[in-house]
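Residue numbers for the sequence shown follow my numbering, so the first one is 93 and each next one is one higher. Idealized CB from N, CA, C, for every residue including glycine. Okay, structure first, notes after.
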Amino acid sequence: MHGKVMVYMDATGRGTVMNLSKAFFDFNRQNWHDKKSMPSSGVFVEFHADGKRITSIRPSRYQEFKEGDFITEQDFWRTNDDDELEDIQNQRRSAYITQLFRSTDFDTIDHIPLSITIPQAIQKHFEGEISSVESLKVNMENSEQAPVMLNYFILKRFLLKAFDTLIFMDNSINQTQFASLKSITMHLENSYNDMRDKQKILNITKIFHEKFLSLQCHYQALIAAIDQRKNRLSSCEHQLRSAKMDYKMQSAKPNPDQERLKQKQSRIEELAKEIEYFKTSTARLEALRSEFYKKNYSVFENAFKLSREKLFQKIISGLNICATIMDTRIWNVSLKSSGVKNSYFTRNNVESAFCSVSFAELYLSRLDKTSLNQSDQTLLAYVQKIEKEHRKKFLVVTNDLELLTKIKIQIFTLSPYYLVKHAPKKVNYQSLMRDNTFDIVYLDEKTAWENVADIILEGKKFDVYGKTKFKLI
């Protein structure tokens, strides 16, 4: 059946579709069978239902009905599926082409009007991919601001690891806040994979014929006119050969009928004129057709390549935005989660915030840096770049683990890329001050091993550049 999505909630992944009879059908995200687009209110759809429950739904190939189109929105509602609607469209287009063929004076025509522009044809071809990008724009207008735009492809596995770990540590977290974003990411990645995989077998000529030429009604009428003239030319040439042979046979008789020979000669001359007309006319129309084809193919090819590359980059940017928003949400949720606080932040060896970069750092810490594969080398360089540009280091000198956790969370709230180290004893303090440059050192007077003034004085000896600040807690 044909219908229209009346309501769709990203948070729950549930929606309602209305058909021609104004009957309502329910569906969920799992029933949506299109890898490149997402359900949203106002989308025309084709669906199958069992009672009032939709079992399969996908976006219709027809989303806009403009004045002058061969089909209307009423045709959409009155048909059961897109194939039936396409048949109606093709029949009306064929009838219009026939009308143009019969009404156009091809002896005087000097140009071929466009029925569909090149940008419109390209937009139609990339309709699914454009829908994926637009869904991100609509759903993410008021998204969280992050300190850095992440690379989806480099951090994808660590982003998934962070999310899975977050849910494992706190199963009370409402996952619906991530559902829409995960769905958008999936559709964007499907579009990315599809465009990437088709790059090697891309046939622009075929696309040009299917998406542009086949929809040019005046061009198709011209082709019909050329075919008609070629057929007439072939027929005239055949008649001419027969007339000449007949004339020769009649003239070879002992007493030929001169009147009849004169008629046949006249017919031969008439056919010769017709042949010359059809040759000239066909050649002129072929030149017109060839000029139209070459001119538009050249423009189409360049515009297609440029549009495809721009769209491909938009999809990559969209995936990076999704990764950044997802990571930011995970980071924000983790800071408020008691489960993550008890399972993650209270551990003494945890020095970084709960985010994908932290999981990537943990992974890299277990590897031999001298024998990394290409993928891990790229990851290492990427993480080091983030650290260089966004990392600040903090040191907490205390034996109070609850206080340590509190300060960690306060610091991690400022940025997911800050680092917090812990010095419970003098030997730890000396080692860390010697090997690191800290932005701030927090000192707990209650658990300090000696007077905090002496600890600060000792710390400043290691602070070669004099940039470290000391704060009492």
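Span of the beta strand (DSSP E), counted from its first residue to its last, around residue i
i    : result
P131 : Counting along the chain, P131 falls outside any beta strand (DSSP E), and DSSP gives it neither H nor E.
L495 : L495 -> not in any beta strand (DSSP E); alpha helix (DSSP H) instead, spanning L493 to L506.
G95  : H94 to M101
M110 : R106 to M110
S148 : R145 to P151
L242 : Unbroken run through L242: none, as it is neither H nor E.
F168 : Per DSSP, F168 belongs to no beta strand (DSSP E); it is in the alpha helix (DSSP H), E165 to R170.
I548 : Per DSSP, I548 belongs to no beta strand (DSSP E); it is in the alpha helix (DSSP H), V544 to F554.
I532 : I532 to L535
V489 : K485 to V489
N120 : F116 to N120
F561 : According to the sequence as given, residue 561 is Lys; it is not Phe. Per DSSP, K561 belongs to the beta strand (DSSP E) from K561 to L564.
Alpha-carbon to alpha-carbon, residue j and residue i
i    : j    : result
P346 : Y339 : 14 Å
N234 : R421 : Bear in mind that the predicted position of N234 carries a pLDDT of just 47, short of 50, making it unreliable; the figure below should be weighed with that in mind. Taking the straight line from one Cα to the other gives about 13 Å.
I189 : P151 : 29 Å
G353 : H330 : Residue identity differs from the one stated: residue 353 is Leu in this sequence, not Gly. Rounded to whole angstroms, L353 to H330 spans 19 Å at the Cα level.
F554 : S409 : 43 Å
K433 : V425 : 11 Å
L377 : Q312 : 12 Å
N441 : R400 : 47 Å
R458 : Y474 : 17 Å
I265 : R153 : 38 Å
M278 : K406 : 15 Å
Y510 : L496 : 15 Å
I532 : P516 : 16 Å
F139 : L280 : 23 Å
M287 : E550 : 60 Å
G431 : N263 : 8 Å
E351 : E178 : 59 Å
K298 : F451 : 46 Å
I478 : A141 : 50 Å
N323 : T196 : 18 Å
S373 : L325 : 10 Å
N120 : L247 : 29 Å
R170 : S133 : 21 Å
Rounded distance between the beta-carbons of residue j and residue i, thought under 8 Å
i    : j    : result
E366 : C328 : 5 Å
F392 : I259 : Actually they do not touch by this definition, with Cβ atoms about 48 Å apart.
L380 : L314 : 7 Å
N543 : K485 : About 24 Å separates the two Cβ atoms, so there is no contact after all.
A238 : S448 : About 11 Å separates the two Cβ atoms, so there is no contact after all.
D118 : I146 : 7 Å
M98  : T108 : 5 Å
L427 : T505 : 6 Å
F157 : I163 : 7 Å
K303 : K216 : 6 Å
K500 : V512 : 5 Å
A344 : F193 : Between F193 and A344 the Cβ distance is about 44 Å, and since that is not below 8 Å, they are no contact.
F384 : I204 : 5 Å
A335 : L294 : About 53 Å; that fails the 8 Å criterion.
Spatially closest choice to residue i from the options, by CA coordinates
i    : options                   : result
H482 : P508, I417 and L228       : P508
S435 : T257, W169 and V109       : T257
Y284 : K158, K229, L411 and A364 : L411
E219 : C447, D492 and S129       : S129
Y534 : L524, L564, D468 and K518 : L564
Y100 : L294, S272, L496 and Q320 : S272
A540 : V519, D202, D167 and H217 : V519
R321 : Q291, L511 and Y369       : Y369
D419 : H203, N243 and S186       : N243
K290 : K397, E537, I163 and A141 : K397
Q502 : I201, S306, R194 and W423 : W423
F245 : S390, I413, L403 and N263 : I413
Y521 : K498, K500, I548 and K538 : I548
F116 : A103, H125 and K144       : K144
S224 : Q183, K127, T171 and A187 : K127
V240 : I417, R439 and L112       : I417
L332 : R359, N491, M341 and Q342 : R359
S227 : I276, N394, A364 and Q469 : I276
L570 : F270, S382, Q355 and Q357 : Nothing can be reported for residue 570, as the shown portion of the chain is limited to 93 through 565.
Range of the contiguous alpha helix (DSSP H) that encloses residue i
i    : result
N520 : K518 to D527
I478 : Q466 to H482
Y509 : Element bounds for Y509: n/a, residue is neither H nor E.
F451 : S448 to S457
Chain C contact for residue i (CB, 8 Å cutoff)
i    : result
I413 : Of the protein chains in this structure there is only one, and it is not chain C.
* Could I get the ranges of all uninterrupted alpha helix (DSSP H) runs contained in the region 194–223, with 4 residues as the minimum, in chain order? => 210–217
* To do: Could I get the ranges of all uninterrupted alpha helix (DSSP H) runs contained in the region 348–430, with 4 residues as the minimum, in chain order?
  => 350–428
* To do: Could you pull out every unbroken alpha helix (DSSP H) segment of at least 4 residues lying fully inside the region 290–334, listed in chain order?
  => 296–303
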